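Enquirer: Just passing along the structure, written as structure tokens.
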């Protein structure tokens, strides 16, 4: 199969290609709805899968360019096309004729994969409202359109809001690594600016001695996208109405129905178990952080949200003789990137060949053609550094989904790591950033491994398993044998010392209970926003209530958080 990849550079190219996809999808839907008995896999399953291919290709491509394309015109057009594609997809999902045709196919004529496709497709259609009356279907479709618009607004507001603080002097850089200080010198006006982008924010919150500066940076970080307070309230209100029309008591019940947990009540029970299991350990860890803070502030009774990462690092330095700054000189971005390619080559039989003819949406994007055990598996593109008008988080998504027998895939990794092209010195990474890189690349590998699945719908990873492969891969970055392959000192070339890795591993678990409580608190907030008790509530109020019950740290009052909570604009992570 010839490897051909979509590469829209202009709005005109994007529109032409995706208008053609919409037209083909419309034609396929008309074909499906006009089909007559006897219904077969040839008359129903094949054209339905072709329709899914067209709409997924549109949605995937538009999603990538909304998140990463530097041209605002392209981003805006991609949003419009994405809305039209989702609306057409909803009409297919709500088609009673297609639903009945799928159910009328003789199961004996299908293999196991085809039967699974029929079962899950009909489940999707029932959950979209295919069995409702005409008025309810129309209302459900209108609510879905509104959710799409609100989700786009939510993501755009976060994407386009980068905040900065001005330091009061070079002394507020005290404690930070030398390479960080070298790239954060006073500008022409004499001001040192620190941004909310991950390469700035994460090290500053970990190392900066200045309590004032850390609090200022965390405040503007939490205050991003304040417009999303109303957007998130509208999302939860609209989700609740949609769930009720579809026959569910609330969005949480709808959202977890297709997960292992099945019900919000079971999910609540799991949260209670997690609460009981982590409470004492988290309190013990918090007591250690508070004791460390009292060295600086005698009589302190709380640890602030802007302080805990700083004191956590100090405790690890003293208790485990591990200072995270020690690892940075061994984790230069280019060597880390190559190590990840090499390790995945060894683990999964992959080869990565630079794709020199790739038309890129950004000059720093790297692309590779991939084989698995010699078999062409697709292409990957790495968009790894922050810039204006780019999504500020870390995720993997297809630009083109691999579908067995139809098309080869193209996966994209969106990250925000230090950029070697914009720094005066080497692009050194935090160990935690390298863990994130391994994790997100695992999603990319998982996508390539599914390349032979013949149905678009069956290529979607089950929600309960989505994070499993990537989480497994994180452990490699704590392995001394793996680290010695690439972690060499940026100045001397010496390999990372075994004793340093030993101390890194020893310090790994301290703070895990605190992080578990942080995740539990966020999960509780998600559930509380969607359990139907207060649809459309001010998310800041819900966050404060949950924080009072589960929070460990003194909050910063008056910010817009959780307005900049990335995951809340998608169905998948919405209720849990």
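Residue numbers (my numbering): 2 to 577.
Where a beta carbon is used, it is the ideal one built from N, C-alpha and C, also for glycine.
These numbers come from a predicted model, not from an experiment.
Going by the beta-carbon positions, is the gap between residue 514 and residue 321 smaller than 8 Å?
Expert: To locate residue 514, count along the chain shown from 1; it is residue 513. To locate residue 321, count along the chain shown from 1; it is residue 320. Cβ atoms of residue 514 and residue 321: not closer than 8 Å.
Enquirer: Within the continuous beta strand (DSSP E) that includes residue 531, where are the two ends?
Expert: Here residue 531 refers to the residue found at position 530 when the chain shown is read from its first residue. Element bounds for residue 531: not the beta strand (DSSP E) but the alpha helix (DSSP H), 513 to 531.
Enquirer: State the DSSP-derived secondary structure class of residue 7, mapped to helix, strand or coil.
Expert: Start at 1 with the first residue of the chain shown, and residue 7 comes out as number 6. The predicted model places residue 7 with a pLDDT of 45, which falls under 50 and marks its position as unreliable; any figure quoted below should be read in that light. In the structure shown, residue 7 sits in coil (DSSP, three-state: anything other than H, G, I, E or B).
Enquirer: For residue 301, which option in 288, 310, 311 and 313 has the closest C-alpha, if you only look at C-alpha atoms?
Expert: Position 300 of the chain shown, counted from the start, is the residue given in the question as residue 301. Checked all of 288, 310, 311 and 313; the closest Cα to residue 301 is 288.
Enquirer: With a 10 Å radius around its C-beta and 16 neighbouring C-beta atoms as the bar for buried, classify residue 466 as buried or exposed.
Expert: As a first step, residue 466 must be located in the chain shown, where it is residue number 465. Its Cβ having fewer than 16 others within 10 Å, residue 466 is exposed.
Enquirer: Compute the Euclidean distance between the alpha carbons of residue 405 and residue 259, then round it to the nearest angstrom.
Expert: Residue 405 sits at position 404 when you count from the first residue of the chain shown. Residue 259 sits at position 258 when you count from the first residue of the chain shown. Approximately 25 Å, taken between the alpha carbons.
Enquirer: Secondary structure at residue 563, three-state DSSP: helix, strand or coil?
Expert: Numbered from its first residue, the chain shown carries residue 563 at position 562. In the structure shown, residue 563 sits in coil (DSSP, three-state: anything other than H, G, I, E or B).
Enquirer: What residue from 372, 339 and 569 has the CA that sits closest to residue 523's CA?
Expert: Within the chain shown, the letter at position 522 stands for residue 523. Per the Cα distances, 569.
Enquirer: On the DSSP letters alone, give me the boundaries of the alpha helix (DSSP H) that residue 312 sits inside.
Expert: In the chain shown, residue 312 corresponds to position 311, counting from 1. Per DSSP, residue 312 belongs to the alpha helix (DSSP H) from 309 to 320.
Enquirer: What is the DSSP secondary structure of residue 485, counted as helix, strand or coil?
Expert: Reading the chain shown from its first residue, position 484 is the one you call residue 485. Helix.
Enquirer: Within the continuous alpha helix (DSSP H) that includes residue 69, where are the two ends?
Expert: Indexing the chain shown from 1 puts residue 69 at position 68. Element bounds for residue 69: 47 to 69.
Enquirer: Per DSSP, residue 398 is paired with what?
Expert: In the chain shown, counting from the first residue as 1, residue 398 sits at position 397. According to DSSP, residue 398 bridges with 413.
Enquirer: How long is the line joining the alpha carbons of residue 358 and residue 286, rounded to whole angstroms?
Expert: As a working note, residue 358 is residue 357 in the chain shown. As a working note, residue 286 is residue 285 in the chain shown. Reliability fails at residue 358, whose pLDDT of 48 lies under 50, so the model's placement of it is uncertain and no value is given.
Enquirer: When the Cα of residue 557 is compared with those of 378, 308, 343 and 170, which residue comes out closest?
Expert: In the chain shown, residue 557 corresponds to position 556, counting from 1. Out of 378, 308, 343 and 170, 308 has the C-alpha closest to the C-alpha of residue 557.
Enquirer: Identify, in the order they occur along the chain, each residue of the same chain with its Cβ nearer than 8 Å to the Cβ of residue 449, setting aside the five sequence neighbours on each side.
Expert: In the chain shown, counting from the first residue as 1, residue 449 sits at position 448. For residue 449, where only same-chain residues beyond five positions count, the Cβ hits under 8 Å are 351, 371, 373, 378, 379, 381, 403, 410 and 412.
Enquirer: Check the C-beta distance from residue 32 over to residue 60 and give it rounded, since I have them as a contact under 8 Å.
Expert: In the chain shown, residue 32 corresponds to position 31, counting from 1. In the chain shown, residue 60 corresponds to position 59, counting from 1. With 8 Å as the limit, residue 32 and residue 60 do not qualify as a contact, their Cβ atoms being about 21 Å apart.
Enquirer: Just to confirm before moving on: does the CB-CB distance between residue 86 and residue 56 stay below 8 Å?
Expert: Within the chain shown, numbered from 1, the residue matching residue 86 stands at position 85. Within the chain shown, numbered from 1, the residue matching residue 56 stands at position 55. Closer than 8 Å, so yes.
Enquirer: Cα-Cα, which of 121, 239, 167 and 283 is closest to residue 551?
Expert: For this step, residue 551 is matched to residue 550 along the chain shown. Selected option, being the one with the closest Cα: 283.
Enquirer: Suppose the cutoff is 7 Å on Cβ atoms and the five residues either side in sequence are ignored; what does the same chain contact list for residue 4 look like?
Expert: Walking along the chain shown from the start, residue 4 turns up at place 3. Any answer about residue 4 is weak, because its pLDDT of 42 lies below 50 and its placement is not dependable; what the coordinates show is given next. So the list reads 370, 377, 380 and 409, once near-sequence residues are dropped.
Enquirer: Could you pull the DSSP bridge partners for residue 203 from this structure?
Expert: Here residue 203 is taken as the residue at index 202 of the chain shown, counted from 1. None; residue 203 has no bridge partner.
Enquirer: Using CA coordinates, which residue listed in 393, 489 and 494 is at the minimum distance from residue 226?
Expert: Walking along the chain shown from the start, residue 226 turns up at place 225. The residue with the shortest Cα to Cα distance from residue 226 is 393.
Enquirer: Quick check on residue 10: buried or exposed, where buried means 16 or more other Cβ atoms within 10 Å of its Cβ?
Expert: Indexing the chain shown from 1 puts residue 10 at position 9. So residue 10 ends up on the exposed side.
Enquirer: From residue 35 to residue 51, what does the alpha carbon distance come to, in whole angstroms?
Expert: For this step, residue 35 is matched to residue 34 along the chain shown. For this step, residue 51 is matched to residue 50 along the chain shown. Approximately 16 Å between the Cα atoms of the pair.
Enquirer: For residue 43, which option in 100, 75 and 110 has the closest C-alpha, if you only look at C-alpha atoms?
Expert: Looking up residue 43 in the chain shown gives position 42. The residue with the shortest Cα to Cα distance from residue 43 is 110.
Enquirer: Please give the ranges of any alpha helix (DSSP H) in the segment 80 to 146, keeping only runs that are unbroken, at least 4 residues long and fully inside the region.
Expert: List check, alpha helix (DSSP H) in window: 97 to 105 and 113 to 129.
Enquirer: Run through the segment 167 to 255 for me and flag every whole beta strand (DSSP E) of 3 or more residues, listed as ranges in chain order.
Expert: Fully enclosed beta strand (DSSP E) runs of 3 or longer: 194 to 196.
Enquirer: Taking the beta carbon of residue 75 as the centre, do at least 16 other beta carbons fall within 10 Å, making it buried, or is it exposed?
Expert: Counting from 1 along the chain shown, the entry for residue 75 is found at position 74. Buried, by the Cβ-count rule.
Enquirer: If we call anything under 8 Å between Cβ atoms a contact, is residue 221 one with residue 166?
Expert: Indexing the chain shown from 1 puts residue 221 at position 220. Indexing the chain shown from 1 puts residue 166 at position 165. Yes, they are a contact pair.
Enquirer: Can you check which of these residues, 419, 474 and 430, is closest to residue 603 by C-alpha distance?
Expert: Nothing can be reported for residue 603, as the shown portion of the chain is limited to 2 through 577.
Enquirer: Give me, in chain order, the residues of the same chain whose beta-carbon lies closer than 6 Å to that of residue 582; leave out the 5 immediate sequence neighbours on both sides.
Expert: The chain is shown only over 2 to 577; residue 582 falls outside these bounds and no answer can be derived.
Enquirer: Exposed or buried, what is residue 2 when buried is set at 16 or more other beta-carbons lying within 10 Å of its beta-carbon?
Expert: Reading the chain shown from its first residue, position 1 is the one you call residue 2. The predicted model places residue 2 with a pLDDT of 40, which falls under 50 and marks its position as unreliable; any figure quoted below should be read in that light. Classification of residue 2: exposed, given that the 10 Å Cβ count is below 16.
Enquirer: If you reduce the DSSP assignment to three classes, tell me which class residue 358 lands in.
Expert: One-based indexing of the chain shown puts residue 358 at position 357. Because the pLDDT at residue 358 is just 48, under 50, the model does not fix this residue reliably, and the value given afterwards should be weighed accordingly. Correct three-state label for residue 358: coil.
Enquirer: Can you look up residue 27 in the DSSP assignment and give me helix, strand or coil?
Expert: Position 26 of the chain shown, counted from the start, is the residue given in the question as residue 27. Helix at residue 27.
Enquirer: Might you give, ordered along the chain, the residues of its own chain that have their beta carbon closer than 6 Å to the beta carbon of residue 396, omitting 5 neighbours on each side?
Expert: Working through the chain shown from its first residue, we reach residue 396 at position 395. Taken in chain order, the residues that qualify are 415.
Enquirer: Using 8 Å as the threshold, is the C-beta distance between residue 495 and residue 481 below it?
Expert: Locating residue 495 in the chain shown gives position 494, where the first residue counts as 1. Locating residue 481 in the chain shown gives position 480, where the first residue counts as 1. No, the pair does not count as a contact, with Cβ atoms beyond the cut-off.
Enquirer: Does the beta carbon of residue 273 sit closer than 8 Å to a beta carbon anywhere in chain E?
Expert: No chain E is part of this structure, which consists of one protein chain only.
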